[in-house]
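Protein chains in written order, with full-length UniProt numbering: chain D, 1 to 436; chain P, 1 to 978. Here a beta-carbon is modelled for each residue, glycine too, at the ideal position from N, C-alpha and C. As the structure is a computational prediction, the values presented were derived from the model and not from experiment. Down below is the structure, laid out as structure tokens.
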């Protein structure tokens with residue numbers, strides 16, 4: 001169980017320190033600072049063991065969050081909690097920065113008291129927390145007994161993530177499919193590894209206690225239906241369905257129903273939340289192809305040519321494209337020529353960065369660079385790190401499609417057709433690399 | 001160094017450094033550095049040549065980046081270019097870069113060396129200094145190779161500037177320390193020594209460091225420096241504080257130089273030339289006088305400098321150890337420091353006094369400070385100072401003040417720091433023993449010691465008490481009485497119980513007359529402590545009980561009752577259980593006469609070096625104690641315990657020669673076979689007793705040695721000593737002539753352990769174990785004489801075809817066996833295929849100049865690799881029939897050599913390694929056995945049938961195995977056994 005939680009700024013000064021258990025001494029705060037934040041070598045591992053004490057840390061911009069324990073805890077649980085903690089803080093006061101934390105330290109301590117009890121994580125649902133941990137004074141409108149009891153029943157009840165009696169004039173639903181596509185490709189264009197990790201994020205503004213049902217082109221479901229011969233013709237289903245490797249759900253989803261029928265039904269929380277996460281590895285649509293060409297001319301010169309090809313419908317537009325071509329450590333000068341976008345040698349990052357604002361599908365673009373090298377005494381050869389890419393495309397590279405999202409509310413008189421639904425697909429690059 | 005003008009300050013560098021300092025995170029810092037590196041690379045790459053200033057700036061930046069912990073793999077060339085600049089700052093930065101980032105690139109090294117050479121031969125002193133500093137900073141072997149010849153020339157050249165000379169001397173010192181073989185002074189020696197006469201004090205100071213280092217290596221070549229140093233010293237000492245201007249430090253003239261001079265003089269014995277010596281003594285006296293003068297300044301630096309010289313002077317006086325007058329004065333001076341306010345001074349005073357105490361001239365003078373030192377021991381706040389005080393007390397102790405010092409140390413022990421307790425205990429024990437006037441005082445002291453600091457009393461200490469009590473009849477009664485009283489304390493330390501158990505077991509009878517300490521009371525007292533003790537102590541107490549049975553027959557029933565109780569006889573600890581069982585049996589079976597013989601009082605121990613002293617030496621390392629020991633050796637001879645405690649070998653030899661039995665003491669060090677040689681009479685008696693008692697078992701024998709001895713074997717866990725003991729005890733006939741090797745071999749067919757060989761000089765014990773086709777044999781070579789064996793070598797050979805049948809590997813054995821000591825050798829054996837011969841063991845050593853050479857057969861026989869096979873009657877006969885080919889069978893009919901005792905026969909057959917199968921042969925008189933011989937190549941199943949004929953006193957032996965050679969060999973081997 002978590003023994004304590006510390007938040008540091010980039011200098012290693014303690015901003016928040018909350019100790020839950022006696023086995024964590026005050027010196028633990030310093031131990032983490034000395035051994036991790038001020039370590040000579042950069043600490044890569046998110047888990048550090050110092051004197052039989054385990055420190056789990058995550059970093060948000062310049063802020064370090066560290067959970068400490070002396071026991072043998074489930075590390076995944078601790079990290080899940082830390083991420084949740086970040087989410088909660090973001091929901092309360094926006095960006096996690098030193099200033100924000102200093103300004104809200106009372107609130108943070110209040111939150112920490114609520115979401116961790118003797119080191120055991122408790123309800124960390126932002127919506128629920130916001131009902132009783134507020135940022136405004138409650139002097140003007142003291143909570144009535146009823147309200148208080150309602151909060152209690154909600155927090156301790158079966159559906160802790162939604163309170164009763166929500167009313168909206170317009171019932172609206174926003175659904176975002178956010179995917180990040182990861183790729184490692186050989187210079188010859190062979191896919192060495194590729195996977196997509198995706199999230200389904202929803203914003204729901206629905207009245208009452210609606211029951212929702214979410215459907216997508218999951219291969220197992222489609223195949224089952226295809227066998228029953230109800231809707232889709234069998235030939236089409238094979239192409240349009242996707243195989244999901246694994247997925248996790250928000251706590252509101254009824255897992256028993258998913259296990260038995262593989263249908264995703266739930267009573268949504270109010271506001272924004274992440275409905276599910278999933279991962280696919282088969283039949284991924286790779287939005288871009290990078291073709292590198294590196295030629296060494298003697299010991300002091302290097303010629304690089306990189307071609308990128310967009311590989312999706314011409315009607316769609318990719319955005320925020322950025323290609324990063326690493327340069328050797330002994331680069332002394334770079335000349336770049338590119339047809340489209342802007343390219344620049346960034347010495348501080350040892351790379352040529354090529355940026356293109358927009359690019360339509362089935363197009364091609366090219367950059368060529370001449371790199372001058374300084375002869376060194378070292379015999380070490382340049383390791384040739386891979387060329388990496390960033391982009392954003394308006395479709396789901398995994399091929400996932402939302403088939404339906406039905407809303408049932410039996411008590412109030414609105415039906416599925418009255419709800420306004422918005423669906424959006426965004427595919428982003430994760431680690432999208434091509435070796436050269 | 002020319003001051004750096006403002007224009008020379010590198011703004012770019014300052015900006016870069018402040019940028020780095022302002023970075024908020026490591027990543028930002030790395031980014032900034034990458035950017036800077038790219039910038040420098042482009043600058044270096046740039047076509048137009050850089051001017052000296054920017055080159056210097058960029059090299060500086062690189063250096064800074066390197067010092068931040070990043071790799072720098074370029075810029076060396078630019079740095080080397082800077083070396084050839086004519087501007088001081090540029091050259092300086094170039095040298096700085098080179099000495100921090102030496103690159104072993106051969107091409108660059110050549111350029112660098114070239115640049116250094118140019119600078120060395122230039123007439124510019126600052127450039128020469130820079131080059132010398134660079135050489136010294138790098139200090140690598142390559143540098144030494146390139147410049148070791150050059151630098152001495154610069155050092156002694158007449159026209160070299162003083163500052164360059166200083167640098168050259170120190171540079172040479174550095175090179176000499178890294179590669180002394182390359183720095184050859186040769187012809188320069190006398191000129192270097194004459195640098196001591198140099199006008200410039202700095203040069204002298206630098207040169208003296210070099211000379212001190214060099215003269216430690218070859219003192220003879222630099223002998224002439226003594227008189228020069230003395231005259232230099234006297235000039236400094238006699239000079240007024242204002243004479244030396246720059247070299248006067250807080251009114252003390254040239255303190256560093258003086259210290260170094262005094263230290264240099266400590267490398268040499270006192271000067272022989274009377275005039276020089278007189279001058280030196282005068283100097284030392286002046287220094288001592290100056291210490292008495294009122295301080296010229298209140299500043300701490302003044303007194304520090306003065307005291308530094310004083311302490312060096314005192315060390316020199318102690319080193320010479322020939323001027324009684326000076327020694328006493330030094331001692332008095334230190335005495336003053338003992339009460340000084342400064343803790344550091346008190347520490348130093350105690351430390352120096354410790355060495356002073358060892359001088360015969362000043363010993364008495366040191367003793368006058370005893371009260372102060374005792375006070376220091378009690379009141380000092382710093383533990384290290386207390387430690388020094390304890391050391392000094394130990395060093396100043398002699399017969400006259402021993403009682404006082406020991407009493408003080410004992411009383412201090414109660415409050416002493418844990419870190420020094422053990423050492424204190426050892427010191428008290430040694431002093432008590434060494435200066436004991438009457439032994440009752442000694443016994444009291446040690447018992448007190450155990451009472452006060454029992455946890456820190458090591459085994460050696462209480463072993464020693466027992467040794468002394470046993471060796472001195474006059475103190476035994478007193479010891480028994482004191483121990484008895486000490487044991488009456490409600491809680492006493494386990495070590496106390498050990499001593500009590502041992503002494504009461506031996507000498508309880510001496511106090512049994514008093515009704516207050518009647519035998520039963522004694523026993524009950526001891527037994528009341530029994531349950532609180534650890535296993536070794538309990539084992540010792542059990543031995544004490546059996547001794548009680550001997551001493552006081554009236555306690556017999558009580559003790560037997562105790563031994564018989566389940567907590568003893570069924571104790572989970574094997575040692576305790578065995579003792580209980582054996583003692584119980586011994587007490588009930590043996591007659592009183594036998595008991596009296598077995599449990600006789602311990603014979604006196606031979607004198608030898610006190611084990612405690614050895615322990616203290618080991619603990620402290622050679623340095624600190626050896627000084628004390630040496631002076632002890634110097635002082636006087638007539639200690640109570642003879643020459644035993646001396647560290648030097650001649651004393652040991654003398655004491656060994658004076659005692660009739662030359663072997664080790666039982667309780668002392670872990671060398672030497674514990675029993676045989678020390679108490680031969682007891683040993684032979686033992687065997688008699690047990691042949692009478694009808695017991696014939698090695699293990700039992702071992703544990704029925706006189707209890708004291710078994711307790712010893714239990715306590716001293718030296719490598720292989722308890723293992724080696726049994727064979728030596730079992731040796732039935734110590735005077736056997738050199739046995740025929742075959743006979744010897746036969747002796748070991750049915751057993752694995754025993755004495756392989758013994759003559760007047762040497763005893764070889766053997767212990768072996770076999771598993772499948774592998775075996776391991778331990779040979780114990782015991783030196784029975786008091787003289788060491790030298791060039792002791794053993795070789796194991798496999799003659800003829802045995803080489804391919806058996807794989808024998810002997811671990812090397814130590815070439816030197818001390819008198820009375822024992823060494824062990826391990827031999828690993830692998831059986832490749834069946835064999836009939838035995839490997840040969842050749843032993844060579846020198847004993848008193850005569851070369852001894854003997855060859856034995858190692859008792860490795862084919863049956864050692866037997867694995868027993870159990871089988872039913874039916875199976876046995878089936879297999880017997882399967883092996884019916886005539887060559888597979890070997891049969892022999894022979895006459896019995898020994899009595900035809902069924903049990904003995906059984907034991908022998910079991911010892912053979914086969915399984916003895918019961919109820920197989922229809923005739924119950926007959927024996928059948930089955931086993932498989934494991935060799936690397938194959939497994940040979942063997943069956944055996946032995947039919948004794950009692951009337952005719954004959955045996956018929958039939959062996960069948962799947963291989964004819966095996967059957968034959970087995971048959972041969974066995975025929976000799978029955």
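Quick one: is residue i buried, meaning 16 or more other Cβ sit within 10 Å of its Cβ, or exposed?
i, result
"residue 109 of chain D", "exposed"
"residue 800 of chain P", "exposed"
"residue 339 of chain D", "exposed"
"residue 724 of chain P", "Any reading at residue 724 of chain P must be qualified, since the residue scores a pLDDT of 37, below 50, and its modelled position is unreliable; the value itself is stated next. Buried, by the Cβ-count rule."
"residue 362 of chain D", "exposed"
"residue 430 of chain P", "buried"
"residue 118 of chain D", "exposed"
"residue 498 of chain P", "buried"
"residue 118 of chain P", "exposed"
"residue 380 of chain D", "exposed"
"residue 241 of chain D", "buried"
"residue 15 of chain P", "exposed"
What are the boundary residues of the alpha helix (DSSP H) that includes residue i?
i, result
"residue 94 of chain P", "88–100"
"residue 551 of chain P", "535–551"
Counting only C-beta atoms, is residue i closer than 8 Å to chain D at any point?
i, result
"residue 18 of chain P", "no"
"residue 45 of chain P", "yes"
"residue 32 of chain P", "yes"
"residue 110 of chain P", "no"
"residue 38 of chain P", "yes"
"residue 140 of chain P", "no"
"residue 41 of chain P", "yes"
Report the CB separation of residue i from residue j in whole angstroms; it is logged as a contact under 8 Å.
i, j, result
"residue 513 of chain P", "residue 548 of chain P", "Residue 513 of chain P to residue 548 of chain P, Cβ: 16 Å. No contact."
"residue 189 of chain D", "residue 283 of chain D", "Actually they do not touch by this definition, with Cβ atoms about 17 Å apart."
"residue 250 of chain P", "residue 299 of chain P", "6 Å"
Could you check where the beta strand (DSSP E) with residue i kicks off and where it finishes?
i, result
"residue 292 of chain D", "288–297"
"residue 390 of chain D", "387–393"
"residue 847 of chain P", "840–847"
"residue 176 of chain P", "Note, residue 176 of chain P: premise wrong, no beta strand (DSSP E); alpha helix (DSSP H) at 162–178."
"residue 276 of chain D", "271–280"
"residue 161 of chain D", "Residue 161 of chain D -> no beta strand (DSSP E), and no H or E assigned at all."
"residue 956 of chain P", "954–961"
"residue 425 of chain D", "420–434"
Is there a Cβ from chain P that is less than 8 Å from the Cβ of residue i?
i, result
"residue 45 of chain D", "no"
"residue 348 of chain D", "yes"
(message) Three or more C-beta pairs under 8 Å: does that hold for the segment 941–951 of chain P against the segment 875–885 of chain P?
(response) yes
(request) Check each residue of the segment 526–554 of chain P: if its Cβ is closer than 8 Å to any Cβ of chain B, include it; give the result in chain order. (result) Going by chain labels, chain B is absent from the structure shown, which instead holds the protein chains D and P.
(message) Does the contact criterion of 3 or more C-beta pairs under 8 Å hold for the segment 898–908 of chain P versus the segment 825–833 of chain P?
(response) no
(request) For the segment 242–253 of chain D and the segment 269–285 of chain D, state whether three or more C-beta atom pairs, one from each stretch, are separated by less than 8 Å. (result) yes
(message) Is it the case that the segment 462–472 of chain P contacts the segment 508–522 of chain P, given that we only count it when at least three CB pairs across the two stretches are under 8 Å?
(response) no
(message) Check whether the segment 64–71 of chain P and the segment 29–49 of chain P are in contact - that is, three or more C-beta pairs closer than 8 Å.
(response) Because the criterion of three Cβ pairs below 8 Å is met, the segment 64–71 of chain P and the segment 29–49 of chain P touch.
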